[in-house]
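Working notes for the structure below.
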Amino acid sequence: MINYTFSLLTFEYYLLVLVRIASFVAVAPFFGFNSVPTRLKVGFSAVLAILVAQVMPGELVYEGMLEYGIIAVKEALTGLLLGMVANACTYIIGFAGHMIDMEVGLSMAQEYNPLTRTQESISGNMYYYSIMLLLLISDLYHYIIKAVADSFTLIPVNAQIFQWEYLANSMVRLVTDMLIIGFRIMLPVFACCMIMNCILGIMAKVAPQMNMFAVGIQIKILFGYAILVVTVILLPRAAALIGDEVRLMLRMVVKGIYGAG
568 MINYTFSLLT
578 FEYYLLVLVR
588 IASFVAVAPF
598 FGFNSVPTRL
608 KVGFSAVLAI
618 LVAQVMPGEL
628 VYEGMLEYGI
638 IAVKEALTGL
648 LLGMVANACT
658 YIIGFAGHMI
668 DMEVGLSMAQ
678 EYNPLTRTQE
688 SISGNMYYYS
698 IMLLLLISDL
708 YHYIIKAVAD
718 SFTLIPVNAQ
728 IFQWEYLANS
738 MVRLVTDMLI
748 IGFRIMLPVF
758 ACCMIMNCIL
768 GIMAKVAPQM
778 NMFAVGIQIK
788 ILFGYAILVV
798 TVILLPRAAA
808 LIGDEVRLML
818 RMVVKGIYGA
828 G
């Protein structure tokens, strides 16, 4: 049963819960997009903090405002770490799209992505919207909300034990997995473009009078995007890999914060 009693101590505890959740929402995927209104972020964080503070009550012991401020900083750092690693996993999509455009020959063609407010490649934008839609359909946002709510069970307020070495190893693992998954996503285009380059090289030797640069760039673009159309059926698998990476990194960061690493 939810207890709605109010006191100064419960309000102070609620503020610390709100700091962690708001920090998480500000940078987490889906919720932290620049296209999401700030009022919606604040309202969602406040409502979720009320539910968490009532369902998972805790004790708060501190001496003076300085110690309370230190606790708030620790809560903000916890939320930022959880949100940033989840959001960093989505950059795998942009990396794969950029590598695809480098192989196809459109790396200098950039488009504006209103979600991230950055310039991204054409294939990167296409992959980004497609895979993020698949992740949204797979209810990954439910897992993200549940992760930040359950973090108060493993990491109560003011109970953080930051294992910086373990967290650093987790970041190295994240970068390694980003490269591996990104290359796996762009591997079909890379393999086909490599075969096309070999064919163009043979044609350049057989018919040197042909301008292979002028002919090859058009062939590579058409052939590359034909492969993208054919391999669109692999996007659900790519979305599953990224979703698994988000879950893995959230678990690793939580282990690094509550000292089980």
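Residue numbers for the sequence shown follow the numbering used here, beginning at 568 and rising by one.
C-beta: ideal position from N, C-alpha, C; glycine also.
- Under the 10 Å beta carbon count, Ala735 is surrounded by fewer than 16 other beta carbons and is classified as exposed.
- In the DSSP assignment, Glu687 is bridged to Glu678.
- For Ile728, the three-state secondary structure derived from DSSP is strand.
- Counted as a single uninterrupted DSSP element, the alpha helix (DSSP H) harbouring Tyr635 occupies residues 631-655.
- The straight-line gap separating the alpha-carbon atoms of Asn654 and Asn778 is approximately 45 Å.
- Of all alpha-carbon atoms in Tyr635, Ile711, Ala663, Ser688, the one lying nearest the alpha-carbon of Ala593 is that of Ile711.
- Using a C-beta cut-off of 8 Å, the region 666-680 makes no contact with the region 635-653, since fewer than three inter-stretch Cβ pairs fall below that distance.
- Under the DSSP assignment, Gln621 falls in the alpha helix (DSSP H) whose first and last residues are 605-622.
- Straight-line measurement puts the Cα of Leu627 at about 8 Å from the Cα of Val724.
- Between Tyr580 and Ala620, the alpha-carbon positions lie close to 7 Å from each other.
- Look at Ile784 here: in three-state DSSP terms it is helix.
- Taking Phe729 as reference, the option from Met819, Val614, Val796, Lys608 with the minimal CA-CA separation is Met819.
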